[in-house]
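Residue numbers (the UniProt record's numbering): 1 to 135. All C-beta atoms, glycine included, are put in the ideal place defined by N, C-alpha and C. Notes follow the structure.
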């Protein structure tokens, strides 16, 4: 089964717009146990959460399997992706997105789902399996 690594951009849509098309797709994927997370995504979500939402958000995210990070390799690979995009004349707005992409690329049978053009840029310079879920 293909697993789905959910980018922060989709989590934000899911948490804010419970009746959206993205929310419906996320609910289906949650029910199928197909969703994955990674610590950079958790960091972004918790950093942006209101204080009263942190506990519930941590509870939700702790129930979703996480993909591992190898700091020795992954941070350098993320930097290389950022440089490749920049040298091709494209700007990636978030270096964290490069790290998330590397985590996705290191895992077997993982597609990164998102609503963020950074990942389309990354996929043009690296072998990232990605799918944009626009709301």
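Beta-carbon proximity check, residue i vs residue j, cutoff 8 Å
i          : j           : result
residue 66 : residue 36  : yes
residue 10 : residue 111 : no
residue 2  : residue 44  : no
residue 57 : residue 47  : no
residue 78 : residue 42  : no
Pick from the options that is closest to residue i, judged by C-alpha positions
i           : options        : result
residue 116 : 17, 100, 110   : 100
residue 34  : 94, 20, 55, 63 : 63
Residue i versus residue j - alpha carbon distance
i           : j           : result
residue 119 : residue 130 : 7 Å
residue 137 : residue 97  : Since the first and last residues shown for the chain are 1 and 135, residue 137 lies out of range.
For residue i, three-class secondary structure by DSSP
i           : result
residue 17  : coil
residue 91  : coil
residue 132 : strand
- Message: Assess contact between the stretch 87 to 95 and the stretch 120 to 127, defined as three or more Cβ pairs (one per stretch) separated by less than 8 Å. Is contact present?
- Response: Contact between the stretch 87 to 95 and the stretch 120 to 127 is present, because at least three Cβ pairs lie under 8 Å.
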